[in-house]
Each structure stands twice: as structure tokens, then as C-alpha cells.
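Trainee: Residue numbers (this note's numbering): 40 to 174. This structure is in C-alpha cells; I'll ask about it shortly.
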């Protein structure tokens, strides 16, 4: 239940802190429990059509799939150069330009990549929906 690099903080406390920070940050809109029917990337922006019929535009798109990779072909017909799964990240991490990285997951792979990238000067954020599972 503890977070790597934050030995005094329980995962639930840290998650609540981060969730509160996101909710207070201007320019971030959360769409939780909303199904996306389609996603298109054109002209540097994403356009999502939600199940409600609403269309949402965004510069960045975060797909949180959980433990198993889920990349439905109807949403991701072509890979996007800024969206990497664990295998792609491991293969490309030595060649990525420095910057901010968001890692989704709480397993060994997330921990390994977080440490590796942080040691090379990246600003790394790790998000997980459940308990930390890295060993």
C-alpha cells in the first residue's frame, strides 16, 4: 500500500491528493464513466464522439485501460507517435526527447520505466487505479 519514492504516504492518500490536485487545476476536464464511441486525430487535435452524442475536442487524449492492453481498432486504426504501450516504451525510451511522461499502471513495468526515465531527467507521473503491485 506504499508508493515508491513516497515511503510515508499510503497509496490511497496519495491518490486522493493527486485527484484533488487535478480537480483544482484549470484547463483539465474529467470525463469519468463516459463511453467514447469514436476518436479521430487530425490537425494536432483529437475529436471524440461520446455515447451521449456530444463531441469533445482535446489536444491530448489519455486512455486508461488497466492491467490488460486495450486498444480497440475502431479508435486506434493507426498508432499515434505519442501514445506508447509498455513494449513500445521499453524499445524507444533511450531515444525519447526529455520532457513529461505519464505512466499508467502499478506493476513492475511501470515501476521500472518510472525509475529509468526519472534517472535520465524526465518529469514522471505514475497513475494507477488500484494498489501498487510492483515487487
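Glycine included, C-beta positions come from ideal geometry on N, C-alpha and C.
Here's the rule I'm using: 16 or more other beta-carbon atoms within 10 Å means buried, otherwise exposed. How should residue 144 be labelled?
Mentor: Result: buried.
Trainee: Can you tell me which of 84, 78, 156 and 89 puts its alpha carbon nearest to the alpha carbon of residue 98?
Mentor: Nearest option by C-alpha distance: 84.
Trainee: By the DSSP assignment, the beta strand (DSSP E) with residue 76 in it spans what residues?
Mentor: First-last of the beta strand (DSSP E) with residue 76: 75-81.
Trainee: Can you name, in chain order, every residue of its own chain whose Cβ lies under 6 Å from the Cβ of residue 163, other than the five neighbours on each side?
Mentor: Counting only Cβ-Cβ distances below 6 Å, and skipping sequence neighbours, we find 140, 153, 156 and 157.
Trainee: So that I know if they touch, is there some Cβ in chain B lying closer than 9 Å to that of residue 167?
Mentor: Going by chain labels, chain B is absent from the structure shown, which holds only one protein chain.
Trainee: So what's residue 124 in DSSP terms, helix, strand or just coil?
Mentor: Three-state DSSP puts residue 124 in coil, outside helix and strand.
Trainee: Quick check: the Cα distance between residue 69 and residue 123, rounded to an integer number of angstroms?
Mentor: Approximately 22 Å between the Cα atoms of the pair.
Trainee: Since I believe residue 89 is in contact with residue 74 (beta carbons under 8 Å), could you give me their beta-carbon distance rounded to a whole number of angstroms?
Mentor: Yes, they are in contact, since the Cβ atoms of residue 74 and residue 89 sit about 7 Å apart, within 8 Å.
Trainee: Please classify residue 129: does DSSP put it in a helix, a strand, or coil?
Mentor: It is helical.
Trainee: So, residue 172 versus residue 133, is the Cβ gap smaller than 9 Å?
Mentor: No, the Cβ-Cβ distance between residue 172 and residue 133 is not below 9 Å.
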